[in-house]
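Participant: Numbering (our numbering), first residue to last: 1440 to 1833.
Cβ coordinates follow ideal geometry from the N, Cα and C atoms, glycine included.
Keep in mind that this is a model prediction, so the values were computed, not measured.
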Ligand code: NDP
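1) Going by C-alpha distance, which of 1761, 1694, 1661, 1633 is nearest residue 1601?
2) Report yes if the C-beta distance between residue 1626 and residue 1690 is below 8 Å; otherwise report no.
3) Enumerate in chain order the residues of its own chain whose CB-to-CB distance from residue 1508 is below 7 Å, with the five nearest sequence positions on each side excluded.
4) Is the region 1558-1573 close to the region 1537-1546, with three or more CB pairs under 8 Å?
5) Within its chain, find whatever has a CB closer than 6 Å to the CB of residue 1801; leave out the 5 residues flanking it on each side and keep chain order.
6) So residue 1452 is in the alpha helix (DSSP H); what residue range does that whole segment cover?
7) Put residue 1680 into one of helix, strand or coil per three-state DSSP.
8) Nearest-angstrom Cα distance between residue 1498 and residue 1470?
9) With distance defined between alpha-carbon atoms, name the residue in 1682, 1710, 1717 nearest to residue 1743.
10) Could you have a look at residue 1404 and say whether DSSP puts it in helix, strand or coil?
11) Could you say which of 1548, 1796, 1582 lies nearest to residue 1559 if we only look at CA atoms?
12) Just curious, the beta strand (DSSP E) that residue 1475 is in, first and last residue?
13) Grab me the residues of residue 1731's own chain with a C-beta within less than 8 Å of its C-beta, minus the 5 sequence neighbours each way, in chain order.
14) Excluding sequence positions up to five away, which residues of its chain have a Cβ less than 6 Å from the Cβ of residue 1477?
15) Buried or exposed, going by whether 16 or more other CB atoms sit within 10 Å of the CB of residue 1528?
16) Find the nearest neighbour of residue 1796 within the set 1758, 1778, 1815, judged by alpha-carbon distance.
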């Protein structure tokens, strides 16, 4: 039960990243109208920014995930009143601090343990880190439910669905339609996609985001993760989840009902709207973001995704149909393939081939029932992916 007289206590996991910086901007914008107290901020390599944020927000604790940077962070925080911590134990310390609301914006599987821990303690979880749901699935949803906090999506598509979904009409819910910008290669032929570089893959046409999600938007693996995320967030069947390419990124997603109605949420592509909604839900707050100008917009386009150029969508559907641990396997294989692409050990289109090979080799693995299961599956899939990559001809 939150004491209404004290400020709302917030922690931001991944505060130095794209979502983390936008979250702190929203907190700063609302400060004065709402009363907040910042408990823990976490980052990894960007110590200067982490220390600057900790000073600016008077955080109780700042954590770098990189254990070797503990002393450097401690030095940067000397005399500020903010404690320093590092490594996985530091992230767990951050999760244990009594924040009422936690922004989960660490990138990748590294976000799972601290987010689960904060959820188990009953914090409201604003979820940007989709990997929590893709790898943990029902385990993660159950942990939040048992903890008693709320799970509020931050991904713009899932925030849109959350805003459009009428829980009193669940019986009439037919489908959700996730929109995808199509990324920088939307109009490329498959031949043109053969030799694209990291530099072009990371250049998103509409959104400014971290490296992993930008490349994931170019390959549509980000959309694949979002399809799996949607299943667990909204308790959907595989055939209720559709994807449509919408290059303007103005319609953030839609919900279709049995009477033929489709409810959509629209806005300029700015994550601060979804972050603000997750922070003040069920209230809406005034934010200094650009407003939609329909006359300037003039048109909204929609296209069916081409699964021969973007096999990630087909692979997500396969993972959803197969169930078991296929979501966690897809995620681990994709993170490994992404690493190999960044290091120029494989080409852009090879990423999907690696993921498919790993998924096909691990169809018998059951859904995880403990966090140790999640990590064991994750490790096995990464090893398998590394193997597949090593065996490829250069
Ligand atoms: P960024 O790469 O910009 O930021 C990632 C954050 O995680 C940084 O604070 C980084 O620290 C920290 N980090 C990196 N590696 C580790 C690690 N091993 N352990 C702990 N912390 C680590 O990512 P984004 O902000 O773009 O994305 C974060 C999450 O939100 C992802 O899951 C993404 O899919 C999701 N998301 C992002 C959106 C966006 O618009 N960016 C939209 C919707 C969802 P440091 O920078 O100090 O190294």
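Facilitator: Taking the geometry as given:
1) Position 162 of the chain shown, counting from 1, holds the residue named residue 1601. Ranking the options by Cα distance to residue 1601, first place goes to 1694.
2) The residue given as residue 1626 occupies position 187 in the chain shown. The residue given as residue 1690 occupies position 251 in the chain shown. No, the Cβ-Cβ distance between residue 1626 and residue 1690 is not below 8 Å.
3) Locating residue 1508 in the chain shown gives position 69, where the first residue counts as 1. Closer than 7 Å at the Cβ level, and outside the excluded window around residue 1508, lie 1486, 1525.
4) yes
5) Taking the chain shown and counting its residues from 1, one reaches residue 1801 at position 362. Within the same chain, residue 1801 has close Cβ partners 1768.
6) Residue 1452 sits at position 13 when you count from the first residue of the chain shown. Run containing residue 1452: none in the alpha helix (DSSP H); it sits in the beta strand (DSSP E), 1447-1452.
7) For the purposes of this step, residue 1680 is taken as the residue at position 241 of the chain shown. In the structure shown, residue 1680 sits in a strand (DSSP, three-state: E or B).
8) Position 59 of the chain shown, counting from 1, holds the residue named residue 1498. Position 31 of the chain shown, counting from 1, holds the residue named residue 1470. Taking the straight line from one Cα to the other gives about 15 Å.
9) By one-based count along the chain shown, residue 1743 stands at place 304. Of the listed residues, the one whose Cα sits closest to residue 1743 is 1682.
10) As displayed, the chain neither begins before 1440 nor continues past 1833, which places residue 1404 out of reach and without an answer.
11) Your numbering for residue 1559 matches position 120 in the chain shown. Residue 1582 is the option with its Cα nearest to residue 1559.
12) Taking the chain shown and counting its residues from 1, the one referred to as residue 1475 is at position 36. Where residue 1475 is concerned, the enclosing beta strand (DSSP E) stretches over 1475-1482.
13) Numbered from its first residue, the chain shown carries residue 1731 at position 292. Answer for residue 1731: 1689, 1705, 1706, 1707, listed in chain order.
14) Position 38 of the chain shown, counted from the start, is the residue given in the question as residue 1477. If we look at residue 1477 and ignore the five residues flanking it on each side, its Cβ neighbours are 1449, 1496, 1498.
15) Here residue 1528 refers to the residue found at position 89 of the chain shown. Residue 1528 is exposed by the Cβ-count criterion.
16) Taking the first residue of the chain shown as 1, we reach residue 1796 at position 357. Ranking 1758, 1778, 1815 by Cα distance to residue 1796 puts 1758 first.
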